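Reviewing the structure listed below.
Residue numbers (the working numbering): 23 to 241.
This is how it looks when you write it as structure tokens:
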């Protein structure tokens, strides 16, 4: 107990990655990582502020929270910081209308966003949606714009599921960057602004927080 208390000395908030820290995704929703459910419960019993930070872009926050609860975690939608809602806020602030290359599971997050006559592209972990046809359409939209804008929800190279390693959005983002001669704006980890927004939502300063990321994390 002393070691636990020493590690938390001066800490008011904890930022937890989800994939690779709390659970590994896969068929049937994946599986909780050993000890993670109790670790989250223990943090909350310590009265620390907890924020769950994720680059998950195949599920809406509501669906992700539902999955975590089924795995035994005590988590609410308001405790999750995810890239899709953050991207929607940016799109509204800048008056942008996106062409979406995203997974069907996260499209509901963009329901209030105008996607007619797109003047930017939003790319996320589209999974099987990363076909040549869909990638080429995103490429065409960008090339037709005078000032092409590409948003990427994260930029990870790969992630782990119970069935093995899976390509993430990063390689596809890099392909569009190279083809169009542009640089994507990353929304999500490892963007400092993403973590700052999570800290602001908790009301915690950076020096008062700790982050737990998966081994070998790319963000």
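Ideal Cβ placement from N, Cα and C applies to all residues, glycine included.
This one's a predicted model, so the numbers in the text were calculated from it and none came from an experiment.
Under 8 Å between C-beta atoms of residue i and residue j
i           : j           : result
residue 80  : residue 121 : no
residue 46  : residue 56  : no
residue 179 : residue 193 : yes
residue 167 : residue 141 : yes
residue 48  : residue 137 : no
residue 71  : residue 224 : yes
residue 59  : residue 94  : yes
residue 191 : residue 145 : yes
residue 234 : residue 36  : yes
residue 96  : residue 61  : no
C-alpha gap between residue i and residue j, whole angstroms
i           : j           : result
residue 65  : residue 127 : 30 Å
residue 139 : residue 229 : 44 Å
residue 69  : residue 232 : 14 Å
residue 92  : residue 203 : 44 Å
residue 206 : residue 187 : 24 Å
residue 156 : residue 222 : 36 Å
residue 160 : residue 154 : 10 Å
residue 133 : residue 119 : 12 Å
residue 116 : residue 76  : 24 Å
residue 38  : residue 163 : 36 Å
residue 220 : residue 158 : 34 Å
residue 227 : residue 32  : 11 Å
Top-ranked residue by Cα proximity to residue i, from the options
i           : options              : result
residue 78  : 212, 185, 40 and 69  : 40
residue 85  : 69, 130, 210 and 117 : 130
residue 209 : 44, 67 and 109       : 109
residue 149 : 123, 92 and 61       : 123
residue 98  : 162, 119, 73 and 111 : 73
residue 176 : 195, 115 and 96      : 195
residue 89  : 111, 50, 116 and 119 : 50
Residue interval of the alpha helix (DSSP H) (run including residue i)
i           : result
residue 111 : 105-116
residue 136 : From DSSP, residue 136 is part of no alpha helix (DSSP H); its letter is neither H nor E.
residue 218 : 214-224
residue 150 : Per DSSP, residue 150 belongs to no alpha helix (DSSP H) and is neither H nor E.
residue 39  : Here residue 39 belongs to no alpha helix (DSSP H); instead the beta strand (DSSP E) covers 35-39.
residue 144 : Looking at the DSSP string, residue 144 is not in any alpha helix (DSSP H); the run it does join, the beta strand (DSSP E), is 142-145.
residue 172 : First-last for residue 172: 172-175, but that is the beta strand (DSSP E), not the alpha helix (DSSP H).
residue 66  : 58-67
Residue span of the beta strand (DSSP E) that contains residue i, given as start and end
i           : result
residue 208 : 207-209
residue 74  : 71-75
residue 231 : 231-234
residue 120 : 120-123
residue 187 : 186-189
With contact counted as at least three CB pairs below 8 Å, one residue from each stretch, are the region 199-210 and the region 172-187 in contact? Yes: the two stretches touch, three or more of their Cβ pairs being nearer than 8 Å.
Would the region 214-226 and the region 101-113 be scored as touching if the rule is three or more Cβ pairs under 8 Å? Two segments are said to touch when three or more pairs of C-beta atoms, one from each, lie closer than 8 Å; by this definition the region 214-226 touches the region 101-113.
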